[in-house]
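Q: Got a structure here, written out as C-alpha cells. Questions coming.
Residue numbers (the numbering used here), protein chains in the order written: chain G, 1 to 243; chain E, 1 to 211; chain B, 1 to 249; chain R, 1 to 250.
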C-alpha cells in the first residue's frame, strides 16, 4: 500500500508538487492523469529515491521513505520497479545483459528459467534464443519499450511504476502496452501506478484513476465515477470520448 | 521506399494517417519541398516544384507554400515577435516594417500569444510553442499548407485546443492543407477526407462527412 | 570550485576501484575501443609535433652553427616540455570528448537512472570502466606519441637540414638524460588520469537534453586543456627542485 | 574509402566559399559580426591568457636548462623562448583553446538546430544556414584569434620577465635587450599568418560537423567531438605546412 501525505516539491522557484496526497491499495491498477508538466512523473521518481521531497511524507507499505538514504533505498528499489518513458536500454550491451541488469546475483541456470517467463509476459518470447547476440538498436521502438518492461519485471518487484508508457507509440502499440499492464497486474498480483495522458486506454484499464493539476490531486475514483465526475478539468479530459 | 500518386483538388483539408515509421513525414516533406523525391513529378496547379537540373526548388512555387514542422523548428535565437517578422521579411520584403510589426502582433493575438512578444521560444510551454509555429506558418498566407503531426506530444486538453485553433485559422483562409497525424480523435474533427498510408501505398480510408 | 568537485568525484571512483574486476569485460571493451579509435590521431599528432619542433629548433640553432647537437636538443626538448602538452591537447579531443559525449547521451536518455533503479551503482557500471580505460589508454598513447614525435623530428630534419638520421640519433643519447625520461613519463601518467577524470565527470553531470551533451563535450575539451597546462607547470617546477636536490643534471 | 575523404573536403570548401561570398557582398550585418567578435574574443580571453602565460614560463625554465648544456651562457634564453612561443606555441595554443570553446559550441548548436528542423525551416524560406550562421562567425574567428594571440603573447612577455628576474636571477636590462635583438618583425608576421589561417579553419570544420550530425543526443555529442578532433588535427597540419614554407626563404 502506498500513501502520499501532503508532499511538496519545487525545483528552484518552480513549484511542481503542492501538497500531493493520495493512497493506492495493494494489487490495484492506479492511473494518474493530468496535463504535461503538472508533476506526475516527479511523483513516481520520489517513490524510488531519484528525488527527495521538500516536505510531507511518503509511505511504501510500512516504511516512511521521504528521508531515506541511498543504502536504505536499496530494498525499496527491489520492491518498486520503475519503467521509464524512454526505453533506456544500454545500447552497447546485448539483450541478455540488458535483461539481467536487475538480477545479476541470480545463478545463470535460474536466470534461464525466469527470463523466458518475463519475455512471455510482454509477448516477446520468440526473441529468447537470440538474446545473446542481438543488441537494443536492432529492435523497433515498441519492442524496446516492451523489453524495458520485461527488464523491470525480472527482479519480481511487488509494485510496478510506469512513467507515460505510451508516449511516442502509435495506437496499435499503445493498446498492446495497456493490455500488458492489465494482464501483468492481474496474473502476477502487482500494484501498478501508471502516469499517462492517454484517456481512452486509461479508462479501459484502470481500477481507479486520479486527475492531477498544478501538483495536486483534484479528482479521484473508479472509471465510472470519473466518467460521471462533475470536476471541470475531468470533464474537459473526457470530451473526446463523448463524441 | 514507396511510390505514391495522388491528385488532390481545390482548397480543403486532407488528413494523412498511418502507423509511426511508415513514412508519413517523409511523404509530407517531399510534398512540402523539404526533400527532393528520387523520381516522379510534383506539380502544383501547372507549375513543377523541382526544376530540372537545378538543385533547389522552384522559388515562385515555394513562396506560395507553408510548412509547420513536428518539433516546431522555431528560430531559438529570435524573440516570438521576430520569429513572425523574420519569415515575413524574407517573403514580402516590399512591405513596410511598421505594417509588418502590426501584422505580426495581430497574428500573436490571434493564436493567444499576445503577452509573449519578447520571450524566447524555449521559455514557452509545448502548447504555446505549437501555437507560435502555426502563426509563423499562416502569417505568410500560403496557398499550400503542410502540418507534420501538429498534436504530437501534447496532452489531450492542449491538443484539442490546438486542433480547434487550427480549424478556425484554416476556415477563414482558403488553401489546400495536408495534415499528418495518428490521432483518431483529431483526424475526424479536421476533415472528412482521411487517407491511410500503408507501406507501399496510399488509399482513401473514409470520405463520408465526419459523424 | 570545479577542481574540488572533480577531485571529490575522483575519490568516489577510487573508492570503487576494487570492483573493477567484476566489470573487467566492459573495461577491456572500452580499452580496445578507445585505443583503436585514437591511434591514428596519436600518430598524426606525434609526427607533426616532432616535425614542427625540429624545424623551429633548427631555425634557431642555425645562426650558432650548433647543427650537430640538434638531434639531442630537439628530442629532449620535445619530450620534456612541449611534446606532452601538444599531444595531450590533441588526445583530449579524441579520447576525452568522445567518452563524455557517450556518457552524456546515456544520461540524457535516462539509461543512468534506469540502471540505478535496478539496484546497480551507475558509477561502478558506467563510469569506472570508462575512467580506467581512458586513463590507461591516454598514458600509453601519450608515451607512444612522444616516441613517434622523435621519429617525426628526425625525418623532418633529415628532409630539410639534411642531417643524417644516425648523426641525429647519436646526439640524442648525449642529451636525453634520465631526468627527461622521468619528466616525460610522469607527465603522461598525470595527463592521462586528468583526461579520464575530466571527461567522465562532465559526461556524468550532463543536463538539458541534446544541447546539454554538446555543452558537456565543450566543457571537457576546455577543462582538459587548462588542467593539462597547469599540471605541466606544477610537475616541471616540483621535479626540477627534486632533481636539483638530488643533484642530477 | 576514397569517397569518404573527397566528399568532406568538397563540403568544407563549399561552406568556406559560400561564407566568403556572403562576406564579400557585405550581406552580413555589422551588428552580427560584432556580436560574434564579442562571443569569440571575450569569453575565451581569460583561459587563453592563462594557458599561454603558463606556456611562456614553462618555456623559459625549459630553455634555461638546455642552453646551459649547449652554449653555456644563458643570456639569449628569454629571446629564444619568446621566438619559439611567438612562432609556434602562442598561435597553436590559442587556436586549440578557441577550437574547444567556440568550435565545439558552433557544432553543438548547429547539430541541435538540425535536430529541431530549424535548418529545413530556413531552407524553405530560401535561406542557407551557412550564410546566416557561419559567415559572421568566420570574420569574428579571424579577428578574435589574431587579437587573442597578440595579447596573450604580450602578457606572456610580462610573465616571462617576472619569472626570469625572480626565479632565474636575470636582470631586466639584458632581458629586454636580447628580446629586441632577436625578435624580428618576421616572427610577428609568421605568428599572425598562422593564427589567421587557423582561425579560418575553425568555424568551417565545426559547421561541417554540426550540419552532418545524426539524429538524437548521440548525434549532437558525436558532431561536437568530431569538430574538436577535426580542428585540432587540421591546425597542427597547417602549422607544419606554414612553418615549412616560411623556413624555405628565412
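Each residue gets a CB set at the ideal place from its N, CA and C atoms; glycine is no exception.
I'd like the span of the beta strand (DSSP E) that includes residue 20/G, first residue to last.
A: It spans 14-24 - the beta strand (DSSP E) in which residue 20/G sits, taken as one unbroken run.
Q: Check for me: the alpha helix (DSSP H) holding residue 230/B runs from which residue to which?
A: From DSSP, the alpha helix (DSSP H) with residue 230/B extends over 209-246.
Q: With contact counted as at least three CB pairs below 8 Å, one residue from each stretch, are the stretch 82-92 of chain B and the stretch 186-199 of chain E in contact?
A: With a cut-off of 8 Å, the stretch 186-199 of chain E and the stretch 82-92 of chain B do not count as touching, because too few Cβ pairs lie within range.
Q: Should residue 157/E be flagged as near chain G, meaning a C-beta pair shorter than 9 Å?
A: Yes, residue 157/E counts as interfacial toward chain G.
Q: Ends of the beta strand (DSSP E) at residue 34/G?
A: 29-34 is the span of the beta strand (DSSP E), which, as asked, contains residue 34/G.
Q: Classify residue 59/G as helix, strand or coil using the three-state DSSP reduction.
A: Reduced to three states, the DSSP call for residue 59/G is strand.
Q: Do residue 124/G and residue 97/G have their beta-carbon atoms positioned less than 9 Å apart in this structure?
A: Not closer than 9 Å, so no.
Q: In the DSSP assignment, what residue or residues form a beta bridge with residue 210/G?
A: Paired residue(s): 32/G, 220/G.
Q: Got a sec? Which residues, its chain only, sit under 7 Å from residue 19/R by beta carbon, not counting five neighbours each side?
A: These residues qualify, in order along the chain: 130, 134, 135, 138.
Q: For the pair the stretch 146-157 of chain R and the stretch 48-59 of chain R, tell me if three or more CB-CB distances fall below 8 Å.
A: Because the criterion of three Cβ pairs below 8 Å is met, the stretch 146-157 of chain R and the stretch 48-59 of chain R touch.
Q: Alpha carbon to alpha carbon, what distance is there between residue 127/B and residue 101/R?
A: Distance between the alpha carbons of residue 101/R and residue 127/B: 24 Å.
Q: Against chain B, does residue 82/R count as a neighbour if the rule is that its beta carbon must be under 9 Å from one of theirs?
A: Judged by the 9 Å Cβ criterion, residue 82/R is not in contact with chain B.
Q: Which complete alpha helix (DSSP H) runs does the stretch 28-108 of chain B hold, if anything under 4 residues is left out?
A: As far as the stretch 28-108 of chain B is concerned, its whole alpha helix (DSSP H) runs of at least 4 residues are 70-77, 83-91, 98-108.
Q: Going by other Cβ atoms of all chains shown within 10 Å of its Cβ, with 16 needed for buried, is residue 148/E buried or exposed?
A: It counts as buried.
Q: For residue 40/G, does the count of other Cβ atoms within 10 angstroms reach 16, so buried, or fall short, so exposed?
A: Residue 40/G is buried by the Cβ-count criterion.
Q: With 9 Å as the C-beta to C-beta threshold (strictly closer), list the residues of the stretch 32-46 of chain R near chain B in chain order.
A: For the stretch 32-46 of chain R, which is checked against every Cβ of chain B, the residues closer than 9 Å are 44.
Q: Select from the stretch 153-186 of chain R all residues with a C-beta closer than 8 Å to any C-beta belonging to chain B, and list them in chain order.
A: Taking 8 Å as the Cβ-Cβ cut-off against chain B, none of the residues of the stretch 153-186 of chain R qualify.
Q: In angstroms with no decimal places, state the Cα-to-Cα distance between residue 163/E and residue 219/B.
A: Going from the Cα of residue 163/E to the Cα of residue 219/B covers about 42 Å.
Q: In terms of alpha-carbon separation, which member of 187/R, 198/R, 233/R, 175/R lies closest to residue 76/R?
A: It is 175/R whose Cα lies nearest to the Cα of residue 76/R.
Q: How many Å lie between residue 208/E and residue 159/E at the Cα?
A: Low local confidence applies: a pLDDT of 44 at residue 208/E is under 50, so the model's placement there is unreliable, with the coordinate-based value given in what follows. The straight-line gap from Cα to Cα measures roughly 24 Å.
Q: Consult DSSP for residue 99/R and reduce its assignment to one of helix, strand or coil.
A: Reduced to three states, the DSSP call for residue 99/R is helix.
Q: Rounding to the nearest angstrom, what Cα-Cα distance links residue 224/G and residue 204/G in this structure?
A: Going by the C-alpha atoms only, they are around 10 Å apart.
Q: Is there a Cβ from chain R that is less than 9 Å from the Cβ of residue 4/E?
A: Closer than 9 Å: no.
Q: Looking at C-alpha atoms only, which residue of 171/B, 2/B, 188/B is the closest neighbour of residue 87/B?
A: Nearest of 171/B, 2/B, 188/B to residue 87/B, Cα basis: 188/B.
Q: On a CA-only basis, which of 143/R, 25/R, 104/R, 34/R is nearest residue 211/R? Give me that one, please.
A: The shortest Cα separation from residue 211/R among 143/R, 25/R, 104/R, 34/R belongs to 104/R.
Q: To the nearest angstrom, report how far apart residue 244/B and residue 185/R are at their CA atoms.
A: Using only the alpha carbons, I get a separation of about 38 Å.
Q: Would residue 178/E and residue 9/E be called neighbours here (beta carbons separated by less than 9 Å)?
A: Not in contact: residue 178/E and residue 9/E (Cβ atoms no closer than 9 Å).
Q: Across which residues does DSSP place residue 50/E in a beta bridge pair?
A: According to DSSP, residue 50/E bridges with 57/E.
Q: Can you confirm whether residue 36/E, when its beta carbon is compared against all beta carbons of chain R, has any partner nearer than 9 Å?
A: With 9 Å as the cut-off, residue 36/E does not count as an interface residue toward chain R.
Q: In angstroms, rounded to a whole number, what distance separates the CA positions of residue 180/E and residue 11/E?
A: Answer to the nearest angstrom: the Cα atoms are 17 Å apart.
Q: Note the first and the last residue of the continuous alpha helix (DSSP H) segment covering residue 6/R.
A: Start and end: 2-24.
Q: Would you verify that the beta carbon of residue 209/G is, or is not, closer than 9 Å to some beta carbon of chain E?
A: No - not a single Cβ of chain E is within 9 Å of the one on residue 209/G.
Q: Below 8 Å between beta carbons is the criterion; list the residues of the stretch 124-158 of chain E that meet it against any residue of chain G, in chain order.
A: If the cut-off is 8 Å between Cβ atoms, the stretch 124-158 of chain E has 125, 126, 153, 154, 155, 156, 157, 158 near chain G.
Q: Shorter than 9 Å from the beta carbon of residue 197/G to some beta carbon of chain E?
A: Closer than 9 Å: yes.
Q: Taking just the CA atoms, how far does residue 151/E sit from residue 210/E?
A: For residue 210/E, the predicted model reports a pLDDT of 39, less than 50, meaning its position is unreliable and no value from the coordinates is stated.
Q: Helix or strand or just coil, what does DSSP make of residue 48/G?
A: Coil, per DSSP.
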